[in-house]
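Protein chains in written order, with our numbering: chain A, 2 to 248; chain B, 36 to 344. Beta carbons: idealized from backbone N, C-alpha and C, even for Gly. To start, the structure itself, in structure tokens.
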Amino acid sequence: MLSLKKVGKRFGGVVAVDGVDLDVAQGEVHALIGPNGAGKTTLIGLIAGTMPSDQGEIVFRNDYLTHAKPHARVAAGLARSYQVTSIFRRFSVLDNLALAVQARSGSSFSFWKPVAQESALFDEARAIAAEVDLTARLSAPGNELSHGEQRALEVGLALATRPKLVLLDEPMAGMGPEESQRMIALIKRIRAQVTVLLVEHDMDAVFRLADRISVMLNGRLIATGAPIEIRNNPEVKKAYLGDELAA
Amino acid sequence: MKKIVLVVLLIFPLAMHALDQNFYIAFATRVLIYAMAAASLNLVLGYGGMVSFGHAAFFGAGAYTVGILSFEGVRNLWITWPAAVAVAALAALVIGAISLRTRGVYFIMITLAFAQMMYYVFVSMKSYGGDDGLSLPGRSSGLGIDLRNEYAWYYLVLFLLIAVLYLLRRLLASRFGRVIEAIRENEARATAIGYPVYRYQLLCFVISGAIAGLAGALIANQTSYVGPALLHWIQSGTLMIMVILGGVGRFWGGPVGAVVLLTLEEIFSGSPLLGPYSLHWQLPVGVILLAVVLYAPRGIAGAFAKKGR
Numbered sequence: 002m003l004s005l006k007k008v009g010k011r012f013g014g015v016v017a018v019d020g021v022d023l024d025v026a027q028g029e030v031h032a033l034i035g036p037n038g039a040g041k042t043t044l045i046g047l048i049a050g051t052m053p054s055d056q057g058e059i060v061f062r063n064d065y066l067t068h069a070k071p072h073a074r075v076a077a078g079l080a081r082s083y084q085v086t087s088i089f090r091r092f093s094v095l096d097n098l099a100l101a102v103q104a105r106s107g108s109s110f111s112f113w114k115p116v117a118q119e120s121a122l123f124d125e126a127r128a129i130a131a132e133v134d135l136t137a138r139l140s141a142p143g144n145e146l147s148h149g150e151q152r153a154l155e156v157g158l159a160l161a162t163r164p165k166l167v168l169l170d171e172p173m174a175g176m177g178p179e180e181s182q183r184m185i186a187l188i189k190r191i192r193a194q195v196t197v198l199l200v201e202h203d204m205d206a207v208f209r210l211a212d213r214i215s216v217m218l219n220g221r222l223i224a225t226g227a228p229i230e231i232r233n234n235p236e237v238k239k240a241y242l243g244d245e246l247a248a
Numbered sequence: 036m037k038k039i040v041l042v043v044l045l046i047f048p049l050a051m052h053a054l055d056q057n058f059y060i061a062f063a064t065r066v067l068i069y070a071m072a073a074a075s076l077n078l079v080l081g082y083g084g085m086v087s088f089g090h091a092a093f094f095g096a097g098a099y100t101v102g103i104l105s106f107e108g109v110r111n112l113w114i115t116w117p118a119a120v121a122v123a124a125l126a127a128l129v130i131g132a133i134s135l136r137t138r139g140v141y142f143i144m145i146t147l148a149f150a151q152m153m154y155y156v157f158v159s160m161k162s163y164g165g166d167d168g169l170s171l172p173g174r175s176s177g178l179g180i181d182l183r184n185e186y187a188w189y190y191l192v193l194f195l196l197i198a199v200l201y202l203l204r205r206l207l208a209s210r211f212g213r214v215i216e217a218i219r220e221n222e223a224r225a226t227a228i229g230y231p232v233y234r235y236q237l238l239c240f241v242i243s244g245a246i247a248g249l250a251g252a253l254i255a256n257q258t259s260y261v262g263p264a265l266l267h268w269i270q271s272g273t274l275m276i277m278v279i280l281g282g283v284g285r286f287w288g289g290p291v292g293a294v295v296l297l298t299l300e301e302i303f304s305g306s307p308l309l310g311p312y313s314l315h316w317q318l319p320v321g322v323i324l325l326a327v328v329l330y331a332p333r334g335i336a337g338a339f340a341k342k343g344r
């Protein structure tokens with residue numbers, strides 16, 4: 002579904018992403034793990050197009066997206082969430098989601114008709130809110146949500162664009178155990194409709210969710226495989242998992 | 036509240052006439068024109084989050100279009116006013132297309148630089164008065180009424196201001212308006228949910244410039260004079276002060292700021308209050324501005340709004 006060939010990005014002298022080949026198959030939850038600074042978030046940026054890549058090519062459902070603008074990639078069915086919560090903080094939950102629905106339903110170069118009259122937008126936004134468990138908080142502005150709720154909205158914004166593939170950058174960052182469980186349940190629910198590329202540090206979550214796992218280290222992909230293979234891969238053990246899995 | 040204001044505005048000229056204070060009709064007309072210009076700046080600055088420090092360029096471009104055309108003998112407002120709007124919109128398109136590739140303080144500086152460039156262009160246009168500006172032979176024609184009549188002129192300007200504010204109201208509640216505000220709130224997120232941010236911002240900038248151009252066309256008629264001072268950065272600063280005073284990103288911010296600032300200027304620069312010190316009317320106005328920024332950071336319109344945003 003998504004295929005990266007020799008994708009690379011450097012910042013000055015630092016090679017952040019170094020010739021990564023990666024294939025994400027339709028319908029899978031594909032986890033991308035690796036220590037801090039391995040280049041995971043940069044890679045997500047390259048795929049979403051929020052950061053231009055220096056080399057290689059990105060193909061998504063037979064479209065060459067290597068040089069496509071971020072909004073064109075969203076239109077093609079690629080959406081992302083951010084590691085650091087990025088929502089419209091002064092907009093209500095409903096307005097946040099309606100705005101994302103609006104982005105891919107009809108032209109927004111419309112200047113006369115009040116949005117408030119477009120009930121279809123808000124109906125769909127409510128459906129997304131139900132999907133991410135925010136129905137009770139529809140009218141709360143983004144900055145009054147709890148951390149866990151903000152993370153749910155973050156994922157909801159990505160889902161509201163009705164993507165074919167969603168890039169989730171550490172959705173569980175900073176969450177307590179209970180909130181994490183809720184997020185895991187959410188990802189399990191959405192995987193029926195959407196392919197997921199998941200960057201996550203919570204190994205428990207990764208091994209419970211992922212069909213396949215890719216491991217990044219110093220900008221390179223050092224292994225890709227089923228969870229059991231990754232667990233037993235000596236190179237991965239040495240480089241990253243180490244103690245955590247030895248136990 | 037809106038209705039009361041509207042009624043006051045409607046009967047204002049009649050009341051002034053009754054009180055034999057006709058001077059204030061012209062003053063009020065000037066306030067209405069600046070209210071329109073400030074409202075246009077608030078669209079980019081307050082709603083779009085684009086801190087344009089060169090808004091006088093579009094105001095001045097509109098004014099000079101009317102000035103030059105009427106100097107050349109074209110005085111029909113059905114030609115000159117749309118031309119003023121088009122010229123200002125074109126200037127906004129060019130300046131915006133380049134400036135919007137930058138952000139933050141660079142955007143402020145580059146819009147300021149463009150406006151100053153235009154200022155010097157008009158200063159150097161000797162055939163159109165250069166430094167001294169250009170006196171217009173009279174007000175525009177074409178409506179079948181004599182716009183030299185202060186009442187007719189006042190009501191025409193009032194009608195146009197109401198029309199512009201209605202248009203802005205619709206615009207801000209539309210899909211486009213929501214996107215513009217979303218970009219101000221979180222540009223990265225707006226991009227990530229699929230909006231081509233640059234196009235939206237540029238169009239917003241052009242719409243704002245076009246409205247400022249209309250206000251410029253009106254001010255040229257108001258004073259029957261256009262001069263480079265209309266494009267000077269002090270003019271941009273004045274418009275910005277109006278918006279800040281009234282309330283950045285508050286719907287009534289621009290108009291309220293224009294009314295308050297020009298009224299304060301009128302009060303303090305008239306000699307009765309400050310006597311010989313009235314030359315320094317900026318000082319008390321500055322103190323009041325400081326007080327507003329300190330104690331009502333959401334502006335006057337913001338302080339009176341029923342609920343916070």
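- Rounded to whole angstroms, L154 (chain A) and L79 (chain A) show a C-alpha spacing of 17 angstroms.
- Between E220 (chain B) and R105 (chain A), the beta carbon gap of about 19 angstroms keeps them out of contact (Cβ cut-off 8 angstroms).
- Excluding its 5 nearest sequence neighbours in each direction, G175 (chain A) has C-beta neighbours in its own chain below 7 angstroms: H148, listed in chain order.
- Taking the C-beta atoms as reference points, G57 (chain A) is found nearer than 8 angstroms to L5 (chain A).
- Out of A:P53, A:R74 and A:S54, the CA that lies nearest to the CA of N63 (chain A) is found in A:R74.
- Annotation for S75 (chain B): S243, I246, A247 and A250 place their beta carbon closer than 7 angstroms to its own, counting only its chain and skipping 5 residues before and after.
- When B:G212, B:H267 and B:V192 are compared, the shortest CA-CA separation from Q236 (chain B) is found for B:G212.
- Secondary structure note for Q151 (chain A): its alpha helix (DSSP H) is the uninterrupted segment H148 to A161.
- Considering only B:A72, B:R136 and B:A123, the residue with the shortest C-alpha distance to Y233 (chain B) is B:R136.
- Look at the stretch 205-237 of chain B: the residues with a C-beta under 7 angstroms from a C-beta of chain A are R205, L206, A208, S209, R210, F211, R213, V214, A217, E220, N221, A223, R224, T226, A227, I228, G229, Y230 and P231.
- Excluding the 5 residues flanking it on each side, P263 (chain B) has same chain C-beta neighbours closer than 6 angstroms at Y154, F157 and V158, in chain order.
- A direct Cα-Cα distance of roughly 39 angstroms separates G177 (chain B) from Q317 (chain B).
- Rounded to the nearest whole angstrom, the C-alpha separation of S120 (chain A) and E132 (chain A) is 18 angstroms.
- For M275 (chain B), the enclosing alpha helix (DSSP H) covers residues W268 to G281.
- Restricting attention to B:G108, B:A72, B:L41 and B:N111, the CA atom closest to the CA of G272 (chain B) is found in B:A72.
- Interface flag for K10 (chain A) against chain B is unset, since no Cβ pair is found closer than 8 angstroms.
- For D19 (chain A), the uninterrupted beta strand (DSSP E) segment begins and ends at V15 to V25.
- For F112 (chain A), the nearest CB of chain B lies under 8 angstroms from its own CB, placing it at the interface with that chain.
- In terms of CA proximity to R204 (chain B), B:G284 leads the group B:M85, B:G284 and B:L274.
- DSSP, read as helix, strand or coil, puts T42 (chain A) in helix.
- Under DSSP, P142 (chain A) shares a beta bridge with A:S93.
- Exclusion of the five residues before and after A49 (chain A) leaves P71, R74, L79, R81 and L168 as the residues of its chain whose Cβ lies within less than 7 angstroms of its Cβ.
- For H315 (chain B), the number of other beta carbons within 10 angstroms of its own is below 16, and it is reported as exposed.
- Residues are counted here when their Cβ sits less than 9 angstroms from a Cβ of chain B; for the stretch 58-81 of chain A these are K70, P71, H72, A73, R74, V75, A76, A80 and R81, given in chain order.
- For V207 (chain A), the three-state secondary structure derived from DSSP is helix.
- With respect to A336 (chain B), V291 (chain B) sits close: the two C-beta atoms are nearer than 8 angstroms.
- For A49 (chain A), the closest Cβ of chain B is nearer than 8 angstroms.
- Apart from the 5 residues on each side of it in sequence, L218 (chain A) sits with its Cβ closer than 8 angstroms to the Cβ of G35, P36, A39, A240 and Y241 in its chain, given in chain order.
- Annotation: the continuous beta strand (DSSP E) that includes M217 (chain A) extends over R213 to L218.
- H31 (chain A) is bridged by DSSP to A:L198 and A:R213.
- The beta carbon of P48 (chain B) lies closer than 8 angstroms to those of I60, A63, E185, Y186, Y189 and Y190 in the same chain, with the five residues before and after it left out.
- Within its own chain, the residues whose Cβ lies closer than 7 angstroms to the Cβ of V66 (chain B), once the five positions on either side in sequence are excluded, are A293, V294 and L297, listed in chain order.
- In this structure S111 (chain A) is in contact with S209 (chain B), their Cβ atoms being roughly 6 angstroms apart against a cut-off of 8 angstroms.
- Interface annotation for the stretch 89-111 of chain A against chain B: F89, R90, R91, F92, L100, A101, Q103, A104, R105, S109, F110 and S111, criterion Cβ-Cβ distance under 7 angstroms.
- Contacts between T162 (chain A) and chain B, judged by CB atoms closer than 7 angstroms, involve I228 and G229 in chain order.
- Judged by beta-carbon spacing, L98 (chain A) lies within the 8 angstroms limit of L158 (chain A), meaning their Cβ atoms are closer than that value.
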